[in-house]
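Visitor: Just dropping this structure here.
In my numbering, the protein residues as written are 96 to 483.
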């Protein structure tokens, strides 16, 4: 591209080479190379698919990198421009991740979660065999799972055996590379690890907020699910109802609070779930905290908290455009700015070449949000003192 962003028209020559290992004689093996020639498109770009099968995974004889050299000859001027870059050949086939897991467990209850396997591009890998190793105290348990079409495998653990002690979870991918070349290295998969602690409570009852890994949009109503299990020992005689209280925290502290009453008169209703409808806005972004708790008649308390990611949004919507998409130098052009009445607007005019030569300097939502600290502390202040 030119410094002002317009694409350059010309002929591109690209050469990709995997060179032999530096300790080998030059004549022992040839470099593995591919070459491409093409005219740039109207955007000044050149695209092609490169088959990596012609390169080697036998790093005894070849380097674990590919050197790319490109040259451009501009149409009309015959000006040459050169560029080069080195790409490392990854030995990482993918990574394992824990998804939807909590940082604590309730002794005697099932602990549930998911293991997800993705490749280096973030694409889900299905039909992968994964090994889950759970260690608590002197005990160790192993389970094998197969990822489904979404690249995930669900697991469920009986926490009774952990006997209220901390536990560690490790997930690894068991793979067999059938297409492996003789002498080539095995593709490795990064393991996942997670540490959980027993939840301390004087009550056997518990509740759990279902985590949502995706970023919540602004202005759209969301239903946050809360699972619970109530034991009759925590309920008083008479009508069996439980009042779940909750509050939502944002940049200004507590921004919303409410209650949800659930009738648990029937034995089958002692275990279930309910939803809290929430609509997030700029007062919540970029992170919102939710705390749900119950105070029983006998004085015992159960609670859970979770932090959700919220998209970076603003109260006022701004639209900015030029009257002409393209014009000649030293000519006049109109600037159209649309915003809510009473808005204070600032316009930053900068030559596009400055952003092209120094990417990352443009104005963005994350840049604005980074100017203001957000409160998302989850620790106790040192002044707090609680009696057991």
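The beta-carbon is built from N, C-alpha and C at its ideal position, and this holds for glycine as well.
Is the beta carbon of residue 265 closer than 9 Å to that of residue 286?
Guide: Position 191 of the chain shown, counted from the start, is the residue given in the question as residue 286. Position 170 of the chain shown, counted from the start, is the residue given in the question as residue 265. Against a cut-off of 9 Å, the Cβ pair of residue 265 and residue 286 comes out as a contact.
Visitor: Considering just the uninterrupted stretch of the beta strand (DSSP E) at residue 464, what are its terminal residues?
Guide: Here the question's residue 464 lines up with position 369 in the chain shown. Element bounds for residue 464: not the beta strand (DSSP E) but the alpha helix (DSSP H), 460-464.
Visitor: When you compare each of 387, 383 and 419 to residue 403 by their alpha carbons, which one comes out closest?
Guide: For this step, residue 403 is matched to residue 308 along the chain shown. Per the Cα distances, 383.
Visitor: Which same chain residues, not among the five before or five after residue 290, have their C-beta less than 8 Å away from its C-beta?
Guide: Residue 290 sits at position 195 when you count from the first residue of the chain shown. Same-chain partners within the cutoff: 198, 261, 262, 263 and 264.
Visitor: Helix, strand or coil, according to DSSP, for residue 128 in the structure here?
Guide: Against the chain shown, residue 128 aligns to sequence position 33. Residue state, collapsed to three classes: strand.
Visitor: Note down the Cα distance separating residue 327 from residue 466, rounded to an integer number of angstroms.
Guide: Mapped onto the chain shown, residue 327 falls at position 232. Mapped onto the chain shown, residue 466 falls at position 371. The straight-line gap from Cα to Cα measures roughly 50 Å.
Visitor: Helix, strand or coil: how does DSSP classify residue 329 here?
Guide: Working through the chain shown from its first residue, we reach residue 329 at position 234. Residue state, collapsed to three classes: helix.
Visitor: What's the C-alpha gap between residue 385 and residue 259?
Guide: Along the chain shown, one-based indexing puts residue 385 at 290. Along the chain shown, one-based indexing puts residue 259 at 164. Looking at the two C-alpha atoms, the distance is approximately 26 Å.
Visitor: In three-state DSSP terms, what is residue 163?
Guide: Position 68 of the chain shown, counted from the first residue, corresponds to residue 163. In this structure, residue 163 counts as strand in the three-state DSSP scheme.
Visitor: Would residue 211 be called buried (16 or more neighbouring beta carbons within 10 Å of its own) or exposed?
Guide: In the chain shown, the residue the question calls residue 211 occupies position 116. Classification of residue 211: buried, given that the 10 Å Cβ count is 16 or more.
Visitor: Is it right to say residue 399 is buried, meaning 16 or more other beta carbons lie within 10 angstroms of its own, or is it exposed?
Guide: The sequence position of residue 399 within the chain shown is 304, counting from 1. Answer is buried; the Cβ neighbour count reaches 16.
Visitor: Contact defined as beta carbons within less than 8 Å: I believe residue 411 pairs with residue 380. What is the distance between those atoms, to the nearest angstrom?
Guide: Residue 411 sits at position 316 when you count from the first residue of the chain shown. Residue 380 sits at position 285 when you count from the first residue of the chain shown. About 14 Å separates the two Cβ atoms, so there is no contact after all.
Visitor: On a Cα-Cα basis, can you pick out the residue from 246, 283, 240 and 311 that is closest to residue 218?
Guide: The sequence position of residue 218 within the chain shown is 123, counting from 1. Nearest C-alpha to residue 218: 246.
Visitor: Out of curiosity, what's the CA-to-CA distance linking residue 189 and residue 267?
Guide: As a working note, residue 189 is residue 94 in the chain shown. As a working note, residue 267 is residue 172 in the chain shown. If you take the alpha carbons of residue 189 and residue 267, they lie about 11 Å apart.
Visitor: My guess is that residue 185 and residue 175 are in contact by the Cβ rule of under 8 Å, so how many angstroms apart are they, rounded?
Guide: For the purposes of this step, residue 185 is identified with residue 90 of the chain shown, where counting begins at 1. For the purposes of this step, residue 175 is identified with residue 80 of the chain shown, where counting begins at 1. Actually they do not touch by this definition, with Cβ atoms about 32 Å apart.
Visitor: So the beta strand (DSSP E) residue 191 belongs to, where does it begin and stop?
Guide: In the chain shown, the residue the question calls residue 191 occupies position 96. Segment 187-194, the beta strand (DSSP E) holding residue 191.
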